[in-house]
Amino acid sequence: MGKLEFIVLSYLDVHHNCMVNTVSMNVIVLERNHVTKLLESVKVAAKMDGMERSVPSKHMLILLKVNYKQTSIYGIKGTTVFHNGTCEKMNISMASDKAVDGNFDPGITHKSCASTDWEKYPYWQVMFDKPYTISQLRIYNRMGNNRKRLYGFKVSVGSSLCFQSQGYEYDKDVIHIKCSKQLTANSVRISLDGDRRMLTLCEVEVLQCVPGFYGEMCKKRCELCEGSECDQVTGRCEKGCIIGYYVPYGSQKCTECISGNFGRNCTKSCHCSLTCNHINGSCPGDCHAGYTGSNCQEECEVGRFGSNCTGTCHCINNKKCDRITGKCSDGCSAGYTGSFCQKKCPNGSFGHNCNESCHCSVACNRINGSCPGECDNGYTGFKCQKECEVGRFGRNCKRTCHCIDNESCNRVNGSCEGGCSDGYLGFDCQEECPNGSLGHNCNESCHCSVACNRINGSCPGECDNGYTGFKCQKECSSGSFGHSCIKDCHCSLTCDHVHGSCPGDCDAGYSGSSCQEECEGDKFGVNCIDICHCVDNKKCDRRNGTCPNGCAAGYEGDNCQQECSNDRFGLGCNVSCRCSEKCNNINGSCPGTCDEGYHGFNCQKEKSAQSILVFVLVPLLLFILLIIGLVTAIWYWKFRGKRPIAKRDQKIRKIPENKYAGAIPEDTAHLCEEIQLNETESIYVNIANTSFKSNLQKYVSEKKQEVEPFNDEFLRLPKTLPLPYTEATKPENTKKNRYKTILPYDHSRVRLQPDEISSSDYINANFISNQRYIACQGPTQNTVTDFWRMVWQLKCNTIVMLTDIVENGKMKCIQYWPDEESIESFGTIKVTHINTRSHATYIHRSFTISKSGGHQNERWTIDHFFFSKWPDHGIPQYTEDILEFRNTVRFREGTTSSLVVHCSAGVGRTGTYICIDILLNEMLSGEAIDVLACVTKLREERMHMVQKRIQLEFIYDVLVENILTGDYDIDVNNIPREFSRITETDHSTRVSILEHQFQDVIKQVEVRDTNLALKEGEIEGEYANLNMSGVFIDGSSCEKEFLLTKSPKRNGALEFLMCMRKRGYLNIVAFDSSEETPTYLPRTLNETVKIGPYLLELINVEDKDVCIHSVLKVECDNKSRIEEFEINHFQVTIWADGNYPSSAEILKLSDILSAHQNEQFNKKIAVHCSDKFHKSGLLCIIHILKDAITSQSVINIVRLVRLIKKIEPNIIPDCESYAFIWKVAEYIQNESSLYSNFVQ
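Using the UniProt record's numbering, read the sequence shown as starting at 1 and increasing by one per residue.
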């Protein structure tokens, strides 16, 4: 209830139609709703009469009824309305009490007003039981034209005049009366002057302000008065002002204390640097010098001075200083100086007035001169006041002088005027001669295996290489070198006596940097650069090249270095050539035509009559065979889906030993290895029946238990088949081969068409599987133009590259494409690099190819896929990576030509990839597969395909992985439908397909050890032994995009920060709750946290609804320099409880991270939480999955989850987590338009 503003003294109750003037009642305070009802009743009465009266609703009324005799009378003779509480005359309808009955109705005909007859000096009066102080009244006038009867009315309080009407107040509905001053009496009279006047009053209110209010209508508050008591008219405070206010001279109102004063009546003085609070004197700033306390009223205690008494006195004998300035009257205490004794003694001085000097390595005690560290150079003792004795110098005089003839050195820096003694050098003669030198100023050299005596040069061990003698001062004689000079040189000139290196060539039969390596294999002569040509590939004499059993075919002479003459060839050069041009000196093959009467490969066969028949019948027979082959091929392709192309237990047909007899030149026959088999032996491709996937899984599982899995199978494979590769051995083509032993077979090699640049048709490449693939070596500087000729001529539009340009420090393949957004010409072929998109495991480049000259309008796009996770002679770490990469290549658009595949040699990795692609295609079509038969077929088309045992094992691993996950490839548009299908419960098993997937496919993974650990050597300095653990996960942006680790505890924050900086993870996502803010994270803006050598400052904070993004400025003290960098920190605010967040929330978090990655070069993200990678792992999967859905047409969620679970099994701990991934995938696809825009 609010305070009431005034009291109406003149209300009476009305009972029926009899008015009572003497009433005994208690005090009643009307509540707000009662008063409201009263006012509303007045308004209703007014409206019934057709008028509206304004009643101020903001003023509350009190009806005060006390035990007193209240009488109202007319000033008319003989008319007493009330007497002894009884109603005597009932015929008076407008009695005096109508003016105090609480009825405001102004209608005179409604009998609600008091009125006299026409009288002389009429009046109306109300009497109170006791005197009241009165200053205000309200008169409610009648309505109509006769209201002017009030003209000239007077209001009296007791015997004093309150108000005399002088104007037209009578014309108002409500007349507000304010006395010229307060009057105290027990009656109020309203009267008219004149002989014949009528006084009519509808209602009279005598008002008195309640405590706390004053002024007209009591609208003003006594706010600044003590106890809220003030004069009702003037508002003057009767008990004075409240604290913090005073009444200025000549005024009656309370005013706020002027600046510098406060308290009651503003009698207290402030001692503040800023304006103090006028009520309690509290200071918003500092206190004046000499004062302290919450309101700066306390003087400084002894020994303190200044603002807030924060200064400490430093007076001699602890005497009191001036509490304002701190000045000491009798001087400063020891250790201080200055006018106010506040200046400490500077470094190097102490005592009274700082007059004494100290000799300390660090600042001495300014009072007593004691040294906390060591003494300055040249001094020692408790207070470092004692100079060094002769022969000693330096800090604390600990160092010994090394001056010639034992002279004294400088006691401060140890310098010697006459020079250093033997075995020492340097400014202070403290540096011992380095190993290998001795004597005065270390000008002599010694050659000892361990440090010699620096004074006399004697060797405690053996001599250095190249030296001998008692003091190891004698160099090895000419022709010897090394330790104790026991090694012989093999140089044409004198060798180096220490390590034997030769300034010229090596002696015949030797090579190497020091000519100590004897020639090996088929090498001989000076520097072993000559090649032996001995029969049966036997070794020749390493010095002169002579062959013990004669020369090889095609060579003659003393050391078999001369090729056969023009008309001779073969062993001993005994066979005559029958060629029109010079024949091959080894096998006699003719580049031109045979002499007349001869024919055959080397023109050694004489023509006969039967040869004519051969020339006729053989072509005819070949034509018939061709027709049969075409018919067979058509039948095969028509019905190939109805039968398997290979059986598990089908044997590979043995190749007859003489199948290619006569087709292989004798000079290349030694490069071919035929399959060595007994007559009764056959090759079984697999010992398991792979017609059924379960059998293959079981078979592979059993083989993986072996020490070297699939080693027996690999050994059964044919090595180099007896197939010709004549074209590759031609002299003009040998330089085009990267490796001498990897050559293309003639029957399957790619033949180029001559063009404006070259007439050669040779390139080291083979067609594979009916020209579905081209397997080739990585382009070299000599073959890059030929490579692009092949791509152009065969209209290839997809290239798969399985090698890096440099691996293990060796060049494996040149960069045969231009840089991004550049154009480069290769002969007449022009290649334009359009764009590049990098992924975690591969790089996708797009080129356009065109040709100058007559094909200017012809061009097309080439997709170039570089798989970056396949090491040379090794295998990828995860089978999932190669399956996803193959899917990327497989689902490309517009592939109509041969798929070009190359690594470095074009056989190991190339053969493995092609074999996987062929077998997976057969598996997809429902055909039986035979791994070894496939590899054997590849080796018949290009030698050495699938080069290593582990590559064969990898093929089996990929097939098993595809059996487990291959059926889960789905079009991204079908994700919602697939999710709906797999979540349906099988009523027979009461288990959903999704649960089956998790239990049977995802949960059953072989966990790899992929934990990281910062080991010694990776971090330098005093923190080298710190370590932490976590796992790396490849993302869609880069390799090892995510680092998952546990939230660092207080004692692990240092190693956490060192790991982040060392490995470049400057974007950190924290899944800790808000109550568990990371210890390395400052809590408020501009706050700093010091952890080891790191100083972290919080420079920006932004609330992004799902996370708090903080930017940390980090300074790292590397001792040699200060390194500065920034860390972006994302404190996740969703997922605080055990419930999963909504799909929209987790994707918003992922979008924030993606947007941040796109804005900067560093895309790596570290994620830490305290729940064993559960939340952090799910975030990584969803981040990867989002990119896959928005950039690929086909995805495999099962395979992705299996891959991540292999890395860390705690990431997807249960089926609920797996279902959450599908739910988010469904949401992404449903919002596909949003994420398409995001990718663009």
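Beta carbons: idealized from backbone N, C-alpha and C, even for Gly.
Item	Value
Do Val233 and Ile139 have their C-beta atoms closer together than 7 Å?	no
Keeping to the same chain, check which residues put their C-beta closer than 8 Å to that of Thr690; ignore five residues upstream and five downstream.	Residue placement at Thr690 cannot be trusted, given a pLDDT of 39 that sits under 50; what the coordinates show is reported in the next sentence. Hits under 8 Å: Arg648, Leu696, Tyr699, Ala928, Ile929, Asp930, Val931.
So does the segment 1172 to 1185 actually touch the segment 988 to 998, counting three or more Cβ pairs closer than 8 Å?	no
For the segment 906 to 926 against the segment 769 to 780, are there 3 or more C-beta pairs whose distance is under 8 Å?	yes
Using the Cβ count rule (16 or more neighbours within 10 Å means buried), how would you classify Ile1228?	buried
Mark Asn317 as exposed unless 16 or more other C-beta atoms lie within 10 angstroms of its C-beta, in which case mark it buried.	exposed
DSSP state of Val44, grouped into three classes?	The predicted model places Val44 with a pLDDT of 24, which falls under 50 and marks its position as unreliable, so this point remains unresolved.
Cα separation between Asp507 and Gln473?	29 Å
Taking a contact to mean a Cβ-Cβ separation below 7 Å, would you say residue 1241 touches Cys300 in this structure?	With the chain represented from 1 up to 1240, any question about residue 1241 goes unanswered, as that position is not in the structure.
Would you kindly check if the distance between the Cβ of Gly550 and the Cβ of Asn559 is under 7 Å?	no
Which residues in the same chain as Cys502 place their Cβ atom closer than 6 Å to its Cβ, once the five residues preceding and following it in sequence are excluded?	Cys491, Cys495, Cys515
Alpha carbon to alpha carbon, how far is Lys120 from Ile175?	23 Å
If you count every other CB in all the chains shown that lies within 10 Å of the CB of His110, and 16 or more means buried, which is it?	exposed
State yes or no: is the C-beta of Thr785 within less than 7 Å of the C-beta of Phe847?	no
Closer than 7 Å by C-beta to Val1111: which residues in its own chain qualify, once you throw out the five before and the five after it? Chain order, please.	Ile1099, Asn1100, Glu1126, Asn1128
Rounded to whole angstroms, how far is the Cβ of Leu717 from the Cβ of Arg892, which I believe are closer than 8 Å?	No, Leu717 and Arg892 are not in contact; Cβ-Cβ is about 31 Å, not under 8 Å.
Within a Cβ cutoff of 6 Å, which residues of the same chain sit near Glu953, ignoring the five residues on either side of it in sequence?	Pro709, Phe710
Going along the chain, which residues of its own chain have a beta-carbon closer than 6 Å to the beta-carbon of Cys332, five neighbours each way excluded?	His314, Cys341
Once you ignore the five residues that flank Tyr151 on each side, which residues in its own chain have a CB closer than 6 Å to its CB?	Tyr170
Helix, strand or coil for residue 1246? Go by DSSP, reduced to three states.	A query on residue 1246 cannot be resolved here, the shown segment of the chain reaching from 1 to 1240 and no further.
For a quick check, are the C-beta atoms of Cys272 and Cys257 less than 7 Å apart?	no
Whole angstroms is fine: what's the gap from Ile1165's alpha carbon to Asn1067's?	5 Å
For Asp428 versus Ser437, is the C-beta distance shorter than 7 Å?	no
Are Gly479 and Cys463 close, meaning C-beta to C-beta below 7 Å?	no
Taking the beta strand (DSSP E) that Lys172 falls in, what are its first and last residues?	Counting along the chain, Lys172 falls outside any beta strand (DSSP E), and DSSP gives it neither H nor E.
Measure the CB-CB distance between Val935 and Cys903 and report whether it falls below 7 Å.	no
In the DSSP output, which residue or residues are listed as bridge partners for Tyr140?	Val174, Glu203
With DSSP as the reference, label Gly50 as helix, strand or coil.	For Gly50, the pLDDT reaches just 29, beneath the cut-off of 50, and the residue's location in the model is therefore unreliable, although a value from the coordinates is still provided. In the structure shown, Gly50 sits in coil (DSSP, three-state: anything other than H, G, I, E or B).
State the DSSP-derived secondary structure class of Gln1229, mapped to helix, strand or coil.	helix
Around the C-beta of Leu1149, are 16 or more other C-beta atoms found within 10 angstroms, so that it is buried, or is it exposed?	buried
I'd like the ranges of any beta strand (DSSP E) spanning at least 3 consecutive residues and lying wholly in the UniProt domain "Tyrosine specific protein phosphatases" (883 to 953).	899 to 902
Consult DSSP for Glu807 and reduce its assignment to one of helix, strand or coil.	strand
Can the beta-carbon of Glu978 be found less than 7 Å from the beta-carbon of Ile970?	yes
With DSSP as the reference, please indicate the residues paired to Ser480 in a beta bridge.	Asp488
Answer yes or no: do Glu1097 and Thr1084 have a C-beta to C-beta separation smaller than 7 Å?	no
Applying the criterion that 16 or more other CB atoms from any shown protein chain within 10 Å of the CB defines a buried residue, is Asp530 buried or exposed?	buried
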